[in-house]
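Residue numbers for the sequence shown follow full-length UniProt numbering, so the first one is 1 and each next one is one higher.
Ideal Cβ placement from N, Cα and C applies to all residues, glycine included.
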Amino acid sequence: MEISPFPFLNQEEISHLYSLFQDIDSTTLATNSNAHLKRRRKDGEEDESGWKKIKSSNNNSVMSDILSSLILLDEEEKQEYQQWAIESQLDKAALDWNHKQKVVAMNDYRSDLEAHFSDLDEMDHTRTKRIRRAASEVATAAAVTETALASSESSGPGGGGSGQQPQHRRLWVKDRSKDWWDKCNHPDFPDEEFRKAFRMSKATFDLICMELDSAVTKKNTMLRDAIPVRQRIAVCIWRLATGEPLRLVSKRFGLGISTCHKLVLEVCSAIKNVLMQKFVQWPDEEKMKMIKGEFESMSGVPNVGGSVYTTHVPIIAPKVNVSAYYNRRHTERHQKTSYSMTVQGVVDPKGVFTDVCIGYPGSMPDDKVLEESALFKRASRGDLKNVWLVGNSGLPLMDWVLVPYTHQNLTWTQHTFNEKIGEIQRVSKEAFARLKGRWSCLQKRTEVKLQDLPAVLGACCVLHNICEMRNEEMGPELKFDLFDDVMIPENSLRSASAIQARDHIAHNLLHHGLGGTSSL
């Protein structure tokens with residue numbers, strides 16, 4: 001495209017300028033040629049300057065368009081982000097609302113369940129009172145009838161009553177069969193069958209009866225004879241061993257349901273109060289030395305005086321302080337609301353309990369249960385010097401509690417130490433597995449009230465020790481797979497000296513030929 005030498009003039013002005021040039025005299029043009037050339041040069045420079053200005057103006061316009069586009073894009077991005085933020089807030093609000101609805105539904109379900117159990121208890125209580133009232137009325141009516149008959153006979157012809165025998169009161173009692181217990185109690189009953197029913201031999205059962213004789217013996221009354229000691233203890237042990245409901249216990253032993261329930265609680269209390277101090281004892285100095293030697297020969301870890309473990313026993317939702325007994329970990333695992341009570345125990349190399357702590361709510365983590373136990377108070381007094389109690393990662397590392405390393409990327413030394421600590425920890429875990437396997441009542445929720453449950457759990461621990469001390473074998477059908485979630489405590493390292501001692505033990509295990517496989 002041709003560009004005009006005078007871009008700042010229009011067409012008419014250019015034509016007029018040329019006509020003026022034609023009218024000028026040629027002489028004048030020659031005379032002024034130099035001036036004309038200078039003018040032309042000057043006008044060219046002005047034209048070039050004008051062109052540069054136009055080009056600069058065009059560049060500014062393009063830059064302005066680009067900036068406007070960028071501003072528009074930025075505005076659109078801001079609007080999209082705001083829209084995304086609003087949608088995210090709406091989604092979060094919807095999730096929160098759904099979560100609240102689920103929590104409300106779970107709370108309602110739990111309240112309904114508690115109300116249902118409360119109604120059942122009330123119905124049982126009412127029915128028991130009604131049955132007792134009816135029995136009392138029957139007994140009263142029978143006594144009145146018998147008295148009337150006796151008076152009519154004494155006032156009849158030839159009466160005077162001098163030759164009549166005195167009449168005794170009679171109380172109506174339901175006749176129940178005791179054949180099964182009579183067969184088990186017979187001297188010729190096979191010991192193997194007795195062991196299957198009561199989880200112990202007849203000799204061990206006789207030992208327990210002898211130990212508890214003075215504590216559970218009752219006197220005969222005018223209305224009925226007292227239940228024998230052996231039958232009282234058998235009712236309790238069979239109930240703990242099988243975990244069967246009281247209705248079946250009643251049929252087995254030919255006793256009333258309420259009588260069986262009362263016997264179980266009485267015998268459990270007697271076992272806990274009389275036998276626990278004899279069969280669950282913290283080892284003395286000589287015994288502790290033997291225990292340390294056995295654990296060291298087992299794992300290579302020195303000065304180990306016991307293995308600690310904490311398990312949970314399922315319970316029915318209590319009527320008071322429900323949230324304290326709520327077990328969140330078991331609820332998440334079984335997808336069913338669970339409540340529990342804790343049992344913490346220290347065992348020796350043979351799996352015999354040397355210390356137990358029973359009764360804390362299931363919501364408490366293992367380290368809190370330990371802090372509340374008498375064992376912790378004993379250690380605070382300095383009674384556990386030069387003694388390690390080995391626990392799992394749910395307990396903190398302290399001057400007397402030895403636990404495995406829990407951080408990531410363990411060294412070979414730390415890994416070896418954890419293997420050896422695991423061997424010691426396995427002793428207590430297997431002891432609790434045998435406890436729950438032998439006494440099946442600990443595997444499921446029982447009919448025992450919350451305030452009576454510690455006595456039942458204590459009795460199970462005492463009976464476990466008696467069976468372990470007497471080498472009572474357990475059949476494979478009684479094997480129980482123990483499951484207890486472990487929560488690492490917030491403050492898992494509570495002693496700098498214990499950290500150094502653990503590192504020293506780990507170093508010795510690896511470099512003194514004590515590490516490696518678990519076949520040692």
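Check                                                                                                                   : Outcome
Lys350 versus Met290 - alpha carbon distance                                                                            : 12 Å
Counterpart residues of Trp388 in DSSP-defined beta bridges                                                             : Val304
Span of the alpha helix (DSSP H) around Met290                                                                          : Glu285 to Ser299
Rounded straight-line distance, which links the Cα of Glu296 to that of Val304                                          : 7 Å
Residues of its chain near His512, where Cβ-Cβ distance is below 6 Å and the 5 sequence neighbours each way are ignored : none
Buried versus exposed, by CB contacts within 10 Å (16 or more), Ser26                                                   : Low local confidence applies: a pLDDT of 49 at Ser26 is under 50, so the model's placement there is unreliable, with the coordinate-based value given in what follows. It is exposed - the Cβ of Ser26 has fewer than 16 other Cβ atoms within 10 Å.
Pick from Ile466, Asp399, Asp481 and Arg494 that is closest to Phe205, judged by C-alpha positions                      : Ile466
Secondary structure of Met398, DSSP reduced to three states                                                             : coil
The segment 468-487 in contact with the segment 280-294 per 3-pair CB rule at 8 Å                                       : no
Cβ contact check for the segment 238-247 and the segment 255-264: 3 or more pairs under 8 Å                             : yes
Three or more C-beta pairs below 8 Å linking the segment 306-313 and the segment 340-355                                : yes
Contact between the segment 219-239 and the segment 479-497 (3+ Cβ pairs under 8 Å)                                     : no
Any non-hydrogen atom of the ligand MN closer than 7 Å to Leu72 Cβ                                                      : Annotation note on the ligand MN: not contained in the displayed structure, which lists no ligands.
CB of Gly437 within 8 Å of CB of Phe480, strictly                                                                       : yes
Whole-angstrom C-beta distance between Gly422 and residue 594, which should lie under 8 Å                               : Lying before the first or after the last residue shown, residue 594 is absent from the chain, which here runs from 1 to 520.
Rounded C-alpha distance that separates Glu244 from Ser440                                                              : 9 Å
Those residues which DSSP pairs with Thr310 across a bridge                                                             : Gln344
Opposing strand residues paired with Tyr326 [DSSP bridges]                                                              : Tyr339
Spatial distance of His116 from Arg130 (CA atoms)                                                                       : 21 Å
Beta-carbon proximity list for Gly359, same chain, < 7 Å, skipping 5 on both sides                                      : Met341 and Pro454
Close-in-space but distant-in-sequence residues of the same chain around His507 (CB under 7 Å, 5 per side omitted)      : Thr413
Chain D contact for Pro454 (CB, 8 Å cutoff)                                                                             : Among the chains in the structure shown there is no chain D, since it carries only a single protein chain.
Contact belief for Ser373 with Gln344 at Cβ below 8 Å, rounded distance in angstroms                                    : 6 Å
Cβ-Cβ separation, Pro489 to Asp367 (assumed contact under 8 Å), whole Å                                                 : 4 Å
Assigned exposure category for Lys292 - 16 Cβ within 10 Å defines buried                                                : buried
Secondary structure of His334, DSSP reduced to three states                                                             : helix
Residues sharing a beta bridge with Ile358, DSSP                                                                        : Val343
Local conformation of Phe353 per DSSP, three classes                                                                    : strand
Closest residue to Val274 among Phe194, Met210, Val301 and Asn107 (Cα-Cα distance)                                      : Met210
Distance, His330 Cα to Thr311 Cα                                                                                        : 12 Å
Distance, Gln79 Cα to Met63 Cα                                                                                          : 24 Å
Under the three-state DSSP convention, the category Ile315 falls into                                                   : strand
Residue of Ser214, Arg133 and Ala324 minimising C-alpha distance to Ile271                                              : Ser214
Contact check, Pro314 vs Lys100, beta carbons under 8 Å                                                                 : no
Buried or exposed by the 16-neighbour rule on C-beta atoms within 10 Å, applied to Lys420                               : buried
With 16 other Cβ atoms within 10 Å as the buried cut-off, status of Arg502                                              : buried
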